[in-house]
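A.B. asks: There's a structure below that I have some questions on.
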């Protein structure tokens, strides 16, 4: 039997030839890189909808109100009632509030 021994002086460069190791261009950071198709880039529909929804400002609901004086010109007792009430309901409410206001003043 003839035994041959083979000696290999080749040692591969494991860093440069490793497909898992990403290549970095430190002279051109990624945040400065220019994309060729940047103008043509479109957001997915769901992402665009979420971004548009975030731009909307939520504001508190403000009901239109009317100030009614339950007192006199000298002694004002102002209350606020909603403008959206029907006129008949509004007038009965004002009468009721005036009655309560005057009976409260008599007790005090």
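Residue numbers (my numbering): 501 to 608.
Even glycine gets a Cβ: it sits at the ideal position worked out from N, Cα and C.
Looking at C-beta atoms only, is the number of pairs between the segment 540-558 and the segment 568-579 that lie closer than 8 Å three or more?
C.D. replies: Verdict: no, contact absent.
A.B. asks: Do residue 570 and residue 550 count as a contact pair if the criterion is CB distance below 9 Å?
C.D. replies: No. Outside cutoff.
A.B. asks: Starting from the C-beta of residue 564, find all residues in its chain whose C-beta is less than 6 Å away, skip the five residues before and the five after it, and write them out in chain order.
C.D. replies: Hits under 6 Å: 583.
A.B. asks: For residue 580, I'd like the list of residues in its chain whose CB is within less than 6 Å of its CB, leaving aside the five on either flank, ordered along the chain.
C.D. replies: Contacts found: 565 and 567.
A.B. asks: Tell me, please, which residues DSSP counts as bridged to residue 582.
C.D. replies: DSSP lists 565 as partners of residue 582.
A.B. asks: Which value, in whole angstroms, describes the spacing of the CA atoms of residue 559 and residue 599?
C.D. replies: Spanning the two alpha carbons is a distance of roughly 37 Å.
A.B. asks: Which residue wins for smallest C-alpha separation from residue 602, given the options 589, 526, 528 and 572?
C.D. replies: Looking at the Cα atoms, 572 is the closest of the given residues.
A.B. asks: Rounded to the nearest angstrom, what separates residue 587 and residue 562 at their Cα positions?
C.D. replies: Approximately 20 Å between the Cα atoms of the pair.
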